[in-house]
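The next block holds one structure in the form of structure tokens; read it before the comments.
Below, the structure written as structure tokens:
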């Protein structure tokens, strides 16, 4: 079936399209770790191809959530093979390090799971505290895919909160973090030509010119909501305010956006991996007598 299945809390959580907002929150939170963001900036051309990188990330997450066990493990092997070849330089100490250090992999895992859970919960997904702990416990199954011992990552929301509190002294807003925040808040439109492209038709140039303004405005609004969903201490590290009113506004915005997204036909956002998983689940379901 895969790492998860129709009875899992994970499938209930990831059935929510609002988790796209959680993915952006995770990136904002991850960027506050100087070594983690240095590893990305020094090894990735995400600014040259942000939408390609986003698509690859979405595909990886979808594969680990909805793919077969073999598909998930194969995706993990590809990621580990790439990470094993990557090094970066710590912007503070100047130390050279591998990007697949367990501490960095654990940071990425925890912030991703925390962002998905926080976003879904504040957007109105109703699960009990035990079910949310179940989500954390289930997500341990994804840890070995990137080379982590599953017992080394939080298995409950309380464990996750303790981990984040422990790591907080290491976090700060570096130049890379600030640059990433700005770039992700107003990304280039996906139809923008690659740098150096020539020979565009006048229709293409017109579409780029007219569409960029509304697209960037919408992107900024979504990014502002994702940023506001960060914990107050993280917003303060970025130089923002950690006011309770911001938390309230973010919750209202997330709930409104969830209502809009859930009103859309499911087929608009379900992909082939999701469809295949649903087909496997239906085939495995017992036949009514």
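In the numbering used here, the protein residues as written are 153 to 441.
Backbone N, C-alpha and C fix where the C-beta goes; we use that ideal spot for every residue, glycine too.
Next on the checklist: Please report the distance separating the alpha-carbon of residue 429 from that of residue 238.
Outcome noted: 33 Å
Checklist entry - Who pairs with residue 241 in a beta bridge, going by DSSP? => result 248
Next on the checklist: Please classify residue 438 as buried or exposed, where buried requires at least 16 neighbouring CB atoms within 10 angstroms.
Outcome noted: exposed
Checklist entry - Cα separation between residue 202 and residue 339? => result 8 Å
Checklist entry - Are the beta-carbon atoms of residue 444 and residue 377 separated by less than 8 Å? => result The structure shown does not extend to residue 444, since the chain spans only 153 to 441, so no value can be given for it.
Item to check | Under the three-state DSSP convention, the category residue 366 falls into | outcome: helix
Next on the checklist: If I measure Cβ to Cβ from residue 442 and keep anything under 8 Å in the same chain, skipping five residues before and after, which residues do I get?
Outcome noted: Coverage of the chain is limited to positions 153 through 441, which leaves residue 442 absent and any answer about it impossible.
Checklist entry - Where does residue 408 land, buried or exposed, given buried means 16+ other C-beta within 10 angstroms? => result exposed
Checklist entry - Rounded C-beta distance between residue 333 and residue 390? I'm assuming under 8 Å. => result 6 Å
Item to check | Beta-carbon proximity list for residue 302, same chain, < 8 Å, skipping 5 on both sides | outcome: 292, 293, 295 and 296
Checklist entry - Beta-carbon separation of residue 267 and residue 175 under 8 Å? => result yes
Checklist entry - How long is the line joining the alpha carbons of residue 375 and residue 199, rounded to whole angstroms? => result 17 Å
Checklist entry - Does the distance from the C-beta atom of residue 384 to that of residue 326 stay below 8 Å? => result no
Checklist entry - So, using beta-carbon positions, are residue 194 and residue 259 closer together than 8 Å? => result no
Checklist entry - Would residue 251 pass as a contact of residue 298 if the rule is Cβ separation under 8 Å? => result no
Checklist entry - Grouping DSSP H, G and I as helix and E and B as strand, with all else coil, what is residue 342? => result coil
Checklist entry - Taking one C-beta from the segment 411 to 422 and one from the segment 214 to 229 each time, how about it: are there three or more such pairs within less than 8 Å? => result no
Checklist entry - Cβ of residue 410 within 8 Å of Cβ of residue 210? => result no
Item to check | Residue range of the alpha helix (DSSP H) that includes residue 217 | outcome: 202 to 218
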